[in-house]
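*Asks:*
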Amino acid sequence: MGNRLRNLGAAFVLLIFGALQACNSAYAQDAPRWLSIEFPQDSPVLPVSSDLGPIVRQRGMSMVLGIHTSLMLRNTGSRTICGLTLRVEAPDLTPSGRGSVSVPSLMVRPGEVFPVRMDVEVRRPFDAKTEGPIIQISLDCVLFSDLTSYGPDRLNSRRALVVYELEARRDRRYLAGLVESQQWTQLRQELNFGLVDLTPPQLGFELLHGPQPVGRNEQAIPVGVVPFRGSPVQPMGGAAKLSGNEIRAPQVDVRNTSQKAVRNVEMGWILRDQRGRDFVAGSVATPVSLGPVQSGRLTEQGTLRFSQPGGQPVTIDAVMAFVNDVEYADGNFWIPSRRDIIEATSDPILRRALSTSPEQQRLAEVYRRRGMSGLEAELSKLK
Amino acid sequence: MKSANDARRGNHPELAELALWASHDLPWPRRFRLKRHLDACAFCSQQAAQFCSAREAFRHDAQSQTLTGYEAIADWQRLEREMVGNIAVGVAAARCIDKVGRKRFRSWRGAFVGAGMAMLLALGWMMNIPREESEHLALSLRRIVGMNRSQPSGTILQSTPDGIAVRAQGATMTLLHPASAVVTVAGNASVGALYVDEDSGEVTITNVYGQ
Numbered sequence: 116m117g118n119r120l121r122n123l124g125a126a127f128v129l130l131i132f133g134a135l136q137a138c139n140s141a142y143a144q145d146a147p148r149w150l151s152i153e154f155p156q157d158s159p160v161l162p163v164s165s166d167l168g169p170i171v172r173q174r175g176m177s178m179v180l181g182i183h184t185s186l187m188l189r190n191t192g193s194r195t196i197c198g199l200t201l202r203v204e205a206p207d208l209t210p211s212g213r214g215s216v217s218v219p220s221l222m223v224r225p226g227e228v229f230p231v232r233m234d235v236e237v238r239r240p241f242d243a244k245t246e247g248p249i250i251q252i253s254l255d256c257v258l259f260s261d262l263t264s265y266g267p268d269r270l271n272s273r274r275a276l277v278v279y280e281l282e283a284r285r286d287r288r289y290l291a292g293l294v295e296s297q298q299w300t301q302l303r304q305e306l307n308f309g310l311v312d313l314t315p316p317q318l319g320f321e322l323l324h325g326p327q328p329v330g331r332n333e334q335a336i337p338v339g340v341v342p343f344r345g346s347p348v349q350p351m352g353g354a355a356k357l358s359g360n361e362i363r364a365p366q367v368d369v370r371n372t373s374q375k376a377v378r379n380v381e382m383g384w385i386l387r388d389q390r391g392r393d394f395v396a397g398s399v400a401t402p403v404s405l406g407p408v409q410s411g412r413l414t415e416q417g418t419l420r421f422s423q424p425g426g427q428p429v430t431i432d433a434v435m436a437f438v439n440d441v442e443y444a445d446g447n448f449w450i451p452s453r454r455d456i457i458e459a460t461s462d463p464i465l466r467r468a469l470s471t472s473p474e475q476q477r478l479a480e481v482y483r484r485r486g487m488s489g490l491e492a493e494l495s496k497l498k
Numbered sequence: 012m013k014s015a016n017d018a019r020r021g022n023h024p025e026l027a028e029l030a031l032w033a034s035h036d037l038p039w040p041r042r043f044r045l046k047r048h049l050d051a052c053a054f055c056s057q058q059a060a061q062f063c064s065a066r067e068a069f070r071h072d073a074q075s076q077t078l079t080g081y082e083a084i085a086d087w088q089r090l091e092r093e094m095v096g097n098i099a100v101g102v103a104a105a106r107c108i109d110k111v112g113r114k115r116f117r118s119w120r121g122a123f124v125g126a127g128m129a130m131l132l133a134l135g136w137m138m139n140i141p142r143e144e145s146e147h148l149a150l151s152l153r154r155i156v157g158m159n160r161s162q163p164s165g166t167i168l169q170s171t172p173d174g175i176a177v178r179a180q181g182a183t184m185t186l187l188h189p190a191s192a193v194v195t196v197a198g199n200a201s202v203g204a205l206y207v208d209e210d211s212g213e214v215t216i217t218n219v220y221g222q
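Residue numbers (the working numbering), protein chains in the order written: chain A, 116 to 498; chain B, 12 to 222.
1. Spatial neighbours of A30/B within its chain, please: CB distance less than 8 Å, with the 5 preceding and 5 following residues excluded, ordered by chain position.
2. In chain order, which alpha helix (DSSP H) runs of at least 4 residues are fully inside the region 351–416 of chain A?
3. At 4 residues or longer, and completely inside the region 206–240 of chain A: list those alpha helix (DSSP H) runs for me, N to C.
4. Within the chosen definition, does the region 278–287 of chain A reach the region 217–226 of chain A through at least 3 CB pairs nearer than 8 Å?
5. What is the rounded straight-line gap between the Cα of L188/A and the Cα of S151/A?
6. Using only alpha-carbon positions, find the residue among S193/A, R466/A, V438/A that is nearest to T263/A.
7. Rounded to the nearest angstrom, what separates R206/B and E493/A at their Cα positions?
8. Check the Cβ-Cβ distances between A149/B and every residue of chain A, and say whether any is below 8 Å.
9. Keeping to the same chain, check which residues put their C-beta closer than 8 Å to that of R172/A; ignore five residues upstream and five downstream.
10. If we ignore side chains and look at the alpha-carbon of each, how far apart do F320/A and R120/B end up?
11. How many Å lie between T184/A and C256/A at the Cα?
12. Under 7 Å Cβ to Cβ from K13/B, same chain only, skipping five residues before and after it: list those, please.
13. Compile a chain-ordered list of the residues in the region 211–226 of chain A whose CB is closer than 8 Å to at least one CB of chain B.
14. Please determine, among L469/A, Q427/A, S452/A, D207/A, the residue with the shortest C-alpha to C-alpha distance to I249/A.
15. Given G174/B, which residues of its chain have a CB within under 6 Å of its CB, disregarding the five upstream and five downstream residues?
16. From Q180/B to L302/A, what does the alpha carbon distance come to, in whole angstroms?
17. Applying a beta-carbon distance threshold of less than 8 Å, which residues of chain B neighbour Q251/A?
18. Does the distance from the C-beta atom of Y443/A to that of R344/A stay below 8 Å?
19. Pop quiz: V395/A and V348/A are said to be a contact at Cβ under 8 Å. What is the actual Cβ separation, rounded to whole angstroms?
20. For a test of the three-state rule: what should DSSP assign to L490/A, helix, strand or coil?
21. Whose Cβ in chain A lies nearer than 8 Å to the Cβ of L205/B?
22. For L276/A and V235/A, what's the separation of their Cα atoms in angstroms?
23. Taking only beta-carbon atoms, is P230/A less than 8 Å away from chain B?
24. To the nearest angstrom, report how far apart E480/A and L132/B are at their CA atoms.
25. Using a Cβ-Cβ cut-off of 8 Å, state whether M88/B counts as contacting chain A.
26. When DSSP labels each residue in this structure, what does E91/B get in the three-state scheme?
27. Within 10 angstroms of its Cβ, does L465/A collect 16 or more other Cβ (buried), or is it exposed?
28. Can the beta-carbon of V237/A be found less than 8 Å from the beta-carbon of A200/B?
29. Closest to G203/B by C-alpha separation, out of A355/A, G214/A, M435/A, would be which residue?
30. Which of the three DSSP states, helix, strand or coil, is assigned to C197/A?
31. DSSP on Q423/A, reduced to helix/strand/coil?
32. To which residues does DSSP link I98/B through a beta bridge?
33. Under a CB-based cut-off of 8 Å, is G406/A close to chain B?
34. Tell me the DSSP secondary structure of L323/A in three-state form.
35. Quick one: what's got a C-beta closer than 8 Å to Y220/B's C-beta in the same chain, skipping five residues either side?
36. With a threshold of 16 other CB atoms inside 10 Å of the CB of I457/A, please say whether the residue is buried or exposed.
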């Protein structure tokens, strides 16, 4: 009886294993149908190679489809591209979830080819039915050097690309100024002495939407402000609901101190944990209509839950806000200058966090790989 | 230099040999030759008789008194019995200990096998069951036993050590990034990660969005 049961059990396990392997191989054979790369015919950028052979594997009762390669794109237009965003969608997740891959700080001239790194994984149940590709990659926005753009911009990525480009130009000017004035010590300090920061201050996030239960120990706390002197919109103060490692509904009162109408304000958020460490948690752009010298309130929905990268909760002690950028009604932007950042805080770590832009990180990588001469060549090329 | 006593013994056997003869501890060829000598030699015969009488006295005392280490020498048979008895007691004790150890070993072996199977199960679970499903199961169990408040449904954006992910409708999309990436909130419903691509040297920013 026991042997018979054992044999039946072994046969059942083999059957399951065989079925999973069959599914796996079937998925692998059908792999090309799983992926679609769509660019409009009149797109100023087109894929040169689409060698994105997906990797399929099974995890428990789920299937994971992964793409781990670089998509090579060519600038087929007549203008220099300085930023690009690709939309990554999975029909299993839409309409509620999607992703994007952006490459800012580019300087791709007409005819040039550039890579965009794609590391995407989609996990779905084996029994999920989808007609058509599992992963869809398409163009969302291309930003040109004159700050005009192309693309459907469904993810509002043009705004982010413009801010990145303005920050890049600011930082290039700043670093080029240090080179011209031969302030080598300051320059090396700005570029982290060519060292790779292997342990940058990190936070793990969980952004929850929908109605959330109120925490037992939830308390209202004031939101401090880090004012930039040159900002046309000044934060006046605010409040948030704090419960352990969760922050709910943070809000900040702001005043437009300029004579121009404002339609969008992006607030940056700084968190201080119980050990006094500051983290720039990120920034959130909020559409707001602020006339000249008008006040308003920016309120964020949802709940943010913070943790260490390993998953241990981080207890939040204080919350601060700063104005990351302002979009005027006429479409122009304001971003903080280097002087604004230097004057805003005396904390060198916070100052560094506020001033670290994507372009500065890219130039730091150039300096690390090619040294000071390589950095000078890069800065002169971008003038 | 020989003593006067030794010189007087001449071709006579040694006293130690006579003592062994008296206790019947000589091999038979030597015993046979010594017996022939004793029959012919009154002096040696007297010496041997003294050894015999002394041995009888020792035996008598040994039977009437507690055996000591020295006295035991005089009664080899009793010593043998005691030694055999002690050995038997030792062997019996060892068997008792052995049985106790076996029981312990059996119980330990069972615990080891159980722990090994548990580890194998945990390893198999970790390798095959996605983390999200494990978390979901743990949360469900906690909810069942009333240890946890209900979790939100809908779209969840989260950062993991490997990347940033959006979970909705039973599926998960993860945009992977290296460990050096800086993860931030990138909007009202978005989490982003910024890193420098090792191959191209270009900055890459990934975002996941949820509504």
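The beta-carbon is built from N, C-alpha and C at its ideal position, and this holds for glycine as well.
Given the structure is predicted, the values throughout are model-derived calculations rather than measurements.
*Replies:* A quick look at the data gives this:
1. Excluding residues up to 5 positions away in sequence, F62 lie with their Cβ nearer than 8 Å to the Cβ of A30/B in the same chain.
2. As far as the region 351–416 of chain A is concerned, it has no whole alpha helix (DSSP H) run of at least 4 residues.
3. Complete alpha helix (DSSP H) runs here, min 4: none at all.
4. Put simply, the region 278–287 of chain A touches the region 217–226 of chain A. At least three CB pairs are less than 8 Å apart.
5. One C-alpha to the other measures close to 15 Å.
6. For T263/A, the nearest C-alpha among the options comes from S193/A.
7. Rather than Arg, the amino acid found at residue 206/B in this sequence is Tyr. Whole-angstrom Cα-Cα distance: 19 Å.
8. Look at A149/B: its C-beta is not under 8 Å from any C-beta on chain A.
9. N139, M178, V179, G181, listed in sequence order.
10. Using only the alpha carbons, I get a separation of about 45 Å.
11. Straight through space, the alpha carbons of C256/A and T184/A are spaced by roughly 21 Å.
12. Its pLDDT being 41, under 50, K13/B is placed unreliably in this model, and the value from its coordinates should be taken loosely. So no residue of the chain qualifies.
13. Against chain B - using a Cβ distance shorter than 8 Å - the residues of the region 211–226 of chain A are S211, G212, R213, G214, S215, V216, S217, V218, P219, S220, L221.
14. Answer by Cα proximity: D207/A.
15. Apart from sequence neighbours up to five positions away, the residues of its chain that approach G174/B with a beta-carbon distance below 6 Å are T185, L186, L187, H188, ordered along the chain.
16. Using only the alpha carbons, I get a separation of about 49 Å.
17. Taking a Cβ-Cβ threshold of 8 Å, none of the residues of chain B is close to Q251/A; the smallest such distance is about 11 Å.
18. Not in contact: Y443/A and R344/A (Cβ atoms no closer than 8 Å).
19. So it is not a contact: roughly 19 Å between Cβ atoms.
20. Helix.
21. Correct list: P473, Q476.
22. Annotation: L276/A to V235/A spans about 21 Å, alpha carbon to alpha carbon.
23. Yes, because at least one Cβ of chain B sits closer than 8 Å to the Cβ of P230/A.
24. Between the C-alpha atoms of E480/A and L132/B there is a straight-line separation of about 44 Å.
25. One detail in the question is off: residue 88/B reads as Gln in this sequence, not Met. No - not a single Cβ of chain A is within 8 Å of the one on Q88/B.
26. In the structure shown, E91/B adopts helical secondary structure according to DSSP, grouped into three states.
27. Buried.
28. In this structure, A200/B does not lie closer than 8 Å to V237/A by Cβ.
29. Closest in alpha carbon position to G203/B, among A355/A, G214/A, M435/A, is G214/A.
30. Correct three-state label for C197/A: strand.
31. Q423/A sits in coil when the DSSP states are folded into three classes, being neither helix nor strand.
32. BP columns for I98/B are empty, so no partner.
33. No, no contact with chain B.
34. L323/A: strand per DSSP, three-state reduction.
35. L168, V177, G198, A200, S201, listed in sequence order.
36. So I457/A ends up on the exposed side.
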